[in-house]
Amino acid sequence: MTVISIPAPLTVLSQTCPFVTLAASDLTGPPSRQRVLARAAHLPDWLRAWERYVTLGQTLVAVSMGRARLGSTIRISSIIRFAATNGRPAFSHIYVQELEVDSGAPRSGAPIHVIRCAMLPTHTRFIEVPSSKKGRHA
Numbered sequence: 060m061t062v063i064s065i066p067a068p069l070t071v072l073s074q075t076c077p078f079v080t081l082a083a084s085d086l087t088g089p090p091s092r093q094r095v096l097a098r099a100a101h102l103p104d105w106l107r108a109w110e111r112y113v114t115l116g117q118t119l120v121a122v123s124m125g126r127a128r129l130g131s132t133i134r135i136s137s138i139i140r141f142a143a144t145n146g147r148p149a150f151s152h153i154y155v156q157e158l159e160v161d162s163g164a165p166r167s168g169a170p171i172h173v174i175r176c177a178m179l180p181t182h183t184r185f186i187e188v189p190s191s192k193k194g195r196h197a
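Residues 60 to 197 (my numbering) are what the sequence shown spells out, left to right.
1) Run through DSSP, which three-state label would Arg107 get?
2) From Ala138 to Tyr112, what distance separates their C-alpha atoms?
3) Here's the rule: buried if 16 or more other CB atoms are within 10 angstroms of the residue's CB, otherwise exposed. What is Leu115?
4) Below 9 Å between beta carbons: does that hold for Cys176 and Pro77?
5) By Cβ distance below 7 Å, which residues in the same chain neighbour Ala82 in space, the five residues on each side in sequence not counted?
6) Any chance you could list the beta strand (DSSP E) runs of at least 3 consecutive residues sitting entirely within the stretch 113-180, in chain order?
7) Let's test the definition: count the other Cβ atoms within 10 Å of the Cβ of Gly146 and tell me whether it reaches 16, buried, or not, exposed.
8) Go through its chain and collect everything with a Cβ distance to Thr132's Cβ below 6 Å, but skip five positions before and after it.
Next comes the structure, spelled out in structure tokens:
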């Protein structure tokens, strides 16, 4: 039998950041693939409709696949915020999942997911997560 001794209490350095979906659509969006994180910054034209739903102290996050076939989807699956430690600043990861479907007709719009959440740290990175569904992954 092996006994493992932990000299200090375990410290959890991350937490899941809840978010609210403002728009999930396969009909509108920019023609190119985009990942947007806006605090109080200038928003692209395609995001202006959701600007009014974001208050001071919140972050607007939008992801778009660009032009894709009908039935394709994109979504922000989770946001994890990591605490500052040992001189490293706080940071967060936004996990994005895309599914581009091989069949269907092309379109001029784009699947998008727009959310709002609590203010995220300055250091934030988008992480692409492979989809578990059938289709061609982007």
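Built from N, CA and C at the ideal position, the CB exists for glycine as well.
In terms of the structure at hand:
1) helix
2) Residue identity check: residue 138 is Ile in the sequence provided, not Ala. Approximately 19 Å, taken between the alpha carbons.
3) exposed
4) yes
5) Trp109, Ile171 and Val173
6) 117-123, 132-141, 150-158 and 171-177
7) exposed
8) Leu158 and Pro170
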